[in-house]
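Right, dumping it as structure tokens:
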């Protein structure tokens, strides 16, 4: 008997079944791959948002911690009284601001700015201005005692300039220690037993820094009745009015705000030092809320958004000099829309920071 081998292949039914199985397997594989891609996309967007959040908040915390360094809780006197004009404050794009000295003649270490920033997602953002002394620039001592001491100088009797040795770091900087020289727009704090004053560098040459009138901030108003370098010099000695030891510091005015003008679709948290070019720290920022805890030894109010603040119940008015802690809330979103959610990935952080130079409280008052 002869055996025949079949060579007619698969039946139509078998082919359809095998095709369905293959398509099912391929569909599952593609769905798994798509899910993996979408999960990776969400993770990328979340990481992007977190990185933006950390970059901005970490620097803000560092600056809050240094607020009032060397200056002390009383702040810095600024020109006021007869002959004085308003002192300018750095502000978000398209806004003009001045410091409110209606209730004080001193510029606080921390100047609040409740809802003074631009509107983002229907809500006004906060700003803040922080004053601190540069920890890396050496001080200048006057009057000059040593011979060619790079850290000593001579003040103009009228307070219009300071003469320094040609090798002073204030003039040439210190690249090895990443300390830039003083430049036009830098701020100088003058401090001696008579008090403090602040002026703006308006020009410089090989031996001098000048403090001409009409600087951007309006700190150089030496004709104002109060709050200028004229009030801290020894007027009893007309020949050498700066005979008392006076120390000069580089002071930094640091302002934080949201910039939604430069890139309208991507608001950025901005850090501006003095009136120099702002530096974008984080984006996309949708929310920045700042409140402050105060200490008066009695009520110690917390989460105060704006100062001065009057407690109607206690009948007490508080000012920025009583700030001891800053409460920070920042919200950001991812740069791009996440495909799984068809929306941005958002993240928020809330933290608090003690202000080092302002946090010390006399526990023994009245004892």
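Numbering (my numbering), first residue to last: 233 to 599. Where a beta carbon is used, it is the ideal one built from N, C-alpha and C, also for glycine.
Going by alpha carbons, who is nearest to residue i out of the options?
i	options	result
residue 556	385, 579, 527 and 584	527
residue 541	534, 535, 551 and 532	551
residue 509	467, 416 and 363	416
residue 345	520, 294, 563 and 440	520
residue 461	431, 479, 397 and 440	431
residue 387	395, 381 and 380	395
residue 483	341, 255 and 352	341
residue 385	535, 474 and 567	474
residue 389	467, 488 and 554	467
residue 439	560, 558, 507 and 402	402
residue 559	376, 418 and 536	536
residue 495	406, 255, 567 and 579	567
residue 498	441, 553, 488 and 565	565
residue 454	252, 285, 313 and 248	313
residue 295	406, 319, 363 and 549	363
When the Cα atoms are used, what is the spatial distance from residue i to residue j?
i	j	result
residue 588	residue 574	44 Å
residue 583	residue 350	22 Å
residue 287	residue 513	6 Å
residue 515	residue 327	20 Å
residue 546	residue 538	17 Å
residue 503	residue 562	14 Å
residue 505	residue 425	28 Å
residue 479	residue 523	34 Å
residue 586	residue 297	6 Å
residue 444	residue 511	27 Å
residue 374	residue 476	8 Å
residue 332	residue 293	24 Å
residue 458	residue 299	24 Å
residue 481	residue 428	11 Å
residue 244	residue 254	15 Å
residue 220	residue 507	Outside the shown range of the chain (233 to 599) lies residue 220, about which nothing can therefore be said.
residue 599	residue 348	Residue confidence for residue 599 is low, a pLDDT of 45 falling below 50, so the modelled location carries little weight; the figure read from the coordinates is stated next. Rounded to the nearest angstrom, the two C-alpha atoms are 42 Å apart.
residue 448	residue 376	30 Å
residue 553	residue 305	5 Å
Taking the continuous beta strand (DSSP E) assigned at residue i, which residues delimit it?
i	result
residue 501	500-505
residue 480	478-491
residue 514	511-515
residue 419	419-424
residue 345	342-345
residue 575	575-586
residue 460	That residue, residue 460, is in no beta strand (DSSP E); it is neither H nor E in DSSP.
residue 429	427-432
residue 359	359-365
residue 543	541-543
residue 393	393-395
residue 439	Run containing residue 439: none; DSSP gives neither H nor E here.
Kindly give me the distance between the Cβ atoms of residue i and residue j, rounded to whole angstroms, as I take these residues to be in contact under 8 Å.
i	j	result
residue 289	residue 569	Not a contact, Cβ separation roughly 24 Å.
residue 422	residue 486	So it is not a contact: roughly 20 Å between Cβ atoms.
residue 310	residue 337	7 Å
residue 493	residue 501	About 14 Å; that fails the 8 Å criterion.
residue 382	residue 409	Residue 382 to residue 409, Cβ: 14 Å. No contact.
residue 456	residue 307	Not confirmed; about 17 Å, so no contact.
residue 352	residue 301	Rounded, the Cβ-Cβ distance is 31 Å, inconsistent with contact.
residue 414	residue 436	7 Å
In the DSSP assignment, find the unbroken alpha helix (DSSP H) run with residue i in it and report its ends.
i	result
residue 403	401-404
Does the stretch 320-329 touch the stretch 345-359, meaning 3 or more C-beta pairs lie closer than 8 Å?
yes
Pairing CB atoms from the stretch 529-544 with CB atoms from the stretch 367-374, are three or more of them under 8 Å?
no
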